[in-house]
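K.L.:
In the numbering used here, the protein residues as written are 679 to 1069. Before anything else, here's the structure in question.
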Ligand code: MG
């Protein structure tokens, strides 16, 4: 079998590097053909030297100049800016595109990959949170396929393999519960940035770590699941599971529940997405026997963690509301990280923006331009509401 040819959007980030680690371990199975990154020219240069892609792209202009200076021979074609990322996304020789840019920067190139009919291994959350209807419609129209990389959605995807969709009763999205799982409201009111950044299990970037502490991340994952699996929000349930060994579950109409269990290491879901429908031999990820004990599951307390419920409210409100919620939350989390908003203020900003969106209307969300306009309006509202906390 010829190797699967892979393009990576966001190759220098955490998911991108883990993807390259899997590719490095299976050189007969995979070949890197195109890489795109934001501004880390030093790391991208190392990757170009090791994997010899045909195309490499950097968004940042100065970083791109340094990359050009490092590779004057032209063996790897170099491109800059958004156009470069879109070229990597739609690279003709790529069979599979890993979409791992962080934030809204992932929207345009992921849409380009879907329009080009690629198989997209999706790690960029904003793709489905901000524009789920548009992305899934585009994928269906172009014959493209979305395979999730997020651990919960990979778990559900694996549990659904070989099953009839009509037999699904419910999805259980598991959540670690974050560092404040057992906290009370008085404690949450005085949480410091350092405490919120200390996630008990997963090592992640600051934004998603805060989103895990508020459960906003799980709310966004419910929105992703709604689009990825074409399932109604009422069929999605969040369960706190602090041990993070069960990555999610599917309940079927006969009462049977299938769970996907494994080490909390993103290389598992990445490898599954790259090799699907086959599995790679990843002995280093085998779960040690001591990990099979003390598993707990509990429903989250909505009075302490309202952000998860806000995601369901946004889904019920209409197609533009999840994008507004995403924008509000980015502004709120940045304000919290800068010490300008208390921890509990994050949910208040998010709730306030949804309320304002309901009052003023958002318009449709059926193009990328419309989604980005909603994003801009919601950010402005969120800044106004967050500003009210500083006085
Ligand atoms: Mg996740």
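Note that the Cβ used here is the ideal one computed from N, Cα and C, for glycine as well.
List the endpoints of the continuous beta strand (DSSP E) containing residue 927.
P.N.:
Element bounds for residue 927: 924 to 930.
K.L.:
Any Cβ of chain B within less than 8 Å of the Cβ of residue 835?
P.N.:
Given the protein chain composition of this structure (a single chain), no chain B is represented.
K.L.:
Sorted by chain position, which residues of the same chain lie with C-beta nearer than 6 Å to residue 762's C-beta, five sequence neighbours on each side aside?
P.N.:
Counting only Cβ-Cβ distances below 6 Å, and skipping sequence neighbours, we find 735.
K.L.:
If distances are taken between C-alpha atoms only, which option among 816, 815, 836 and 1059 comes closest to residue 825?
P.N.:
Measuring from the Cα of residue 825, the nearest candidate turns out to be 836.
K.L.:
Compare the C-alpha of residue 715 against each of 704, 693 and 884 and name the closest.
P.N.:
Of the listed residues, the one whose Cα sits closest to residue 715 is 693.
K.L.:
Exposed or buried, what is residue 757 when buried is set at 16 or more other beta-carbons lying within 10 Å of its beta-carbon?
P.N.:
The residue in question, residue 757, is buried, as its Cβ has 16 or more Cβ neighbours within 10 Å.
K.L.:
Among 895, 752, 726 and 723, which has the Cα closest to the Cα of residue 802?
P.N.:
Out of 895, 752, 726 and 723, 895 has the C-alpha closest to the C-alpha of residue 802.
K.L.:
Which residue from 954, 869 and 966 puts its Cα closest to that of residue 939?
P.N.:
The option with the nearest alpha carbon to residue 939 is 966.
K.L.:
Give me the residue from 822, 725, 1016 and 781 with the minimum Cα distance to residue 790.
P.N.:
The shortest C-alpha separation from residue 790 is found at 822.
K.L.:
Pairing CB atoms from the segment 1018 to 1035 with CB atoms from the segment 922 to 936, are three or more of them under 8 Å?
P.N.:
No, because fewer than three Cβ pairs between the segment 1018 to 1035 and the segment 922 to 936 fall closer than 8 Å, the two stretches do not touch.
K.L.:
Could you tell me the distance, in whole angstroms, from the CA atom of residue 751 to the CA atom of residue 935?
P.N.:
In a straight line, the C-alpha of residue 751 is about 56 Å away from that of residue 935.
K.L.:
Run the CB neighbour count on residue 679, radius 10 Å, all protein chains shown included, and call it buried at 16 or more, exposed below.
P.N.:
By the neighbour-count rule (16 or more Cβ atoms within 10 Å), residue 679 is not buried but exposed.
K.L.:
Do you know whose CA, among 857, 973, 807 and 1009, lies nearest residue 1055's CA?
P.N.:
Checking every option, the nearest Cα to that of residue 1055 belongs to 1009.
K.L.:
Quick one: is the Cβ of residue 1042 within less than 7 Å of any heavy atom of the ligand MG?
P.N.:
It does not: the Cβ of residue 1042 is nowhere closer than 7 Å to a heavy atom of the ligand MG.
K.L.:
I'd like the list of long-range same chain contacts for residue 808, defined as Cβ closer than 6 Å, with 5 residues on each side in sequence excluded.
P.N.:
So the qualifying residues of the chain are 1001, 1004 and 1049.
K.L.:
Residues near the ligand MG, CB to any non-hydrogen atom under 7 Å, in chain order?
P.N.:
The answer, residue by residue, is 828, 829, 830, 895 and 899.
K.L.:
Pair every Cβ in the segment 684 to 699 with every Cβ in the segment 722 to 731, then say whether three or more of these pairs are closer than 8 Å.
P.N.:
Yes: at least three Cβ pairs fall under 8 Å.
K.L.:
Determine the closest residue to residue 893 out of 1040, 706, 783 and 985, with distance taken between C-alpha atoms.
P.N.:
Per the Cα distances, 985.
K.L.:
Report all residues from its chain with a CB closer than 8 Å to the CB of residue 877; omit the five preceding and five following residues, and keep chain order.
P.N.:
Closer than 8 Å at Cβ, skipping near neighbours: 854, 856, 857, 887, 890 and 891.
K.L.:
Taking the straight line between their C-alpha atoms, what separation do you get for residue 957 and residue 817?
P.N.:
Their backbone Cα atoms lie some 24 Å apart in a straight line.
K.L.:
Closest to residue 772 by C-alpha separation, out of 710, 800 and 780, would be which residue?
P.N.:
For the residues 710, 800 and 780, the minimum Cα distance to residue 772 belongs to 710.
K.L.:
Using 10 angstroms around the beta-carbon of residue 992, count the other beta-carbons present and answer buried if the total reaches 16, otherwise exposed.
P.N.:
Classification of residue 992: buried, given that the 10 Å Cβ count is 16 or more.
K.L.:
In this structure, how does DSSP classify residue 890 when only helix, strand and coil are distinguished?
P.N.:
Helix.
K.L.:
On the premise that residue 783 lies in contact with residue 697, defined as a C-beta separation below 8 Å, what is that separation, rounded to the nearest angstrom?
P.N.:
Actually they do not touch by this definition, with Cβ atoms about 17 Å apart.
K.L.:
Where does residue 1069 sit, in a helix, a strand or coil, going by DSSP?
P.N.:
Unreliable placement is indicated for residue 1069, whose pLDDT of 44 sits below 50; the coordinate value is still reported in the next sentence. Three-state result, residue 1069: coil.
K.L.:
Could you spell out the range, first to last residue, of the beta strand (DSSP E) harbouring residue 799?
P.N.:
Taken as a continuous stretch (DSSP letters only), the beta strand (DSSP E) holding residue 799 covers 797 to 800.
K.L.:
Express the C-alpha separation of residue 1052 and residue 786 in angstroms, rounding to a whole number.
P.N.:
In a straight line, the C-alpha of residue 786 is about 16 Å away from that of residue 1052.
K.L.:
Does residue 1060 come out as helix, strand or coil in the three-state DSSP assignment?
P.N.:
In the structure shown, residue 1060 sits in a helix (DSSP, three-state: H, G or I).
K.L.:
Can you list the beta strand (DSSP E) stretches of 3 or more residues lying completely in the segment 901 to 972, in chain order?
P.N.:
Whole beta strand (DSSP E) segments, 3+ residues: 914 to 918, 924 to 930 and 935 to 939.
K.L.:
Within its chain, find whatever has a CB closer than 7 Å to the CB of residue 1061; leave out the 5 residues flanking it on each side and keep chain order.
P.N.:
Counting only Cβ-Cβ distances below 7 Å, and skipping sequence neighbours, we find 1009.
K.L.:
Quick one: what's got a C-beta closer than 8 Å to residue 804's C-beta in the same chain, skipping five residues either side?
P.N.:
Only 781, 782, 784, 785 and 1004 meet the Cβ criterion.
K.L.:
Buried or exposed: where does residue 1066 fall if 16 or more other Cβ atoms within 10 Å of its Cβ makes it buried?
P.N.:
Residue 1066 should be labelled exposed.
K.L.:
Would you identify the three-state DSSP class for residue 1003, choosing helix, strand or coil?
P.N.:
Residue 1003 falls in the helix class under three-state DSSP.
K.L.:
Taking only the alpha-carbon atoms, compute the straight-line gap between residue 1011 and residue 806 and give it to the nearest angstrom.
P.N.:
Straight-line Cα distance between these residues: approximately 20 Å.
K.L.:
Please work out which residues of its chain come closer than 7 Å, Cβ to Cβ, to residue 944, disregarding the five sequence neighbours upstream and downstream, and give them in chain order.
P.N.:
Answer for residue 944: 693, 696 and 829, listed in chain order.
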